[in-house]
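Novice: This structure is in structure tokens; I'll ask about it shortly.
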Amino acid sequence: MFGFVGRLGEEKNLPILIQAFSEFIAKARPKSKLLFVGDFEYRKTLEKMAAETDFADRIIFTGPYATRRFGCGV
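In terms of UniProt numbering, the sequence shown opens at residue 1 and continues consecutively.
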């Protein structure tokens, strides 16, 4: 499991995670998943990019999540 937790903003260069996952990680680790936890208007752009990969079913967007719930879960 690889992931990002935070506001999905354009300035954070998150497409590089999708690209790296698609080109390297997903091929080397067939059961791996990429998880995005957070929300912002840039989410739709990232979802579209993920859908265009061969591994769209392994790239997950959860939406916003209460920070206090991450204490022991990450």
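Every residue, glycine too, gets a C-beta built ideally from N, C-alpha and C.
Could you pull out every unbroken alpha helix (DSSP H) segment of at least 4 residues lying fully inside the UniProt domain "Glycosyl transferase family 1" (2-63), listed in chain order?
Specialist: DSSP runs (the alpha helix (DSSP H)) wholly in the UniProt domain "Glycosyl transferase family 1" (2-63): 15-20, 43-51.
Novice: What's the C-alpha gap between residue 21 and residue 1?
Specialist: Distance between the alpha carbons of residue 21 and residue 1: 11 angstroms.
Novice: In its own chain, which residues sit with a C-beta less than 6 angstroms from the C-beta of residue 43, not counting the 5 before and 5 after it?
Specialist: Cβ within range, chain order: 8.
Novice: Grab me the residues of residue 33's own chain with a C-beta within less than 7 angstroms of its C-beta, minus the 5 sequence neighbours each way, in chain order.
Specialist: For residue 33, where only same-chain residues beyond five positions count, the Cβ hits under 7 angstroms are 1, 58, 60.
Novice: In its own chain, which residues sit with a C-beta less than 6 angstroms from the C-beta of residue 63, not counting the 5 before and 5 after it?
Specialist: 39, listed in sequence order.
Novice: Using the beta-carbon count (16 or more within 10 Å), is residue 50 buried or exposed?
Specialist: Buried, by the Cβ-count rule.
Novice: Residue 5 to residue 54, Cα distance in whole Å?
Specialist: Distance between the alpha carbons of residue 5 and residue 54: 23 angstroms.
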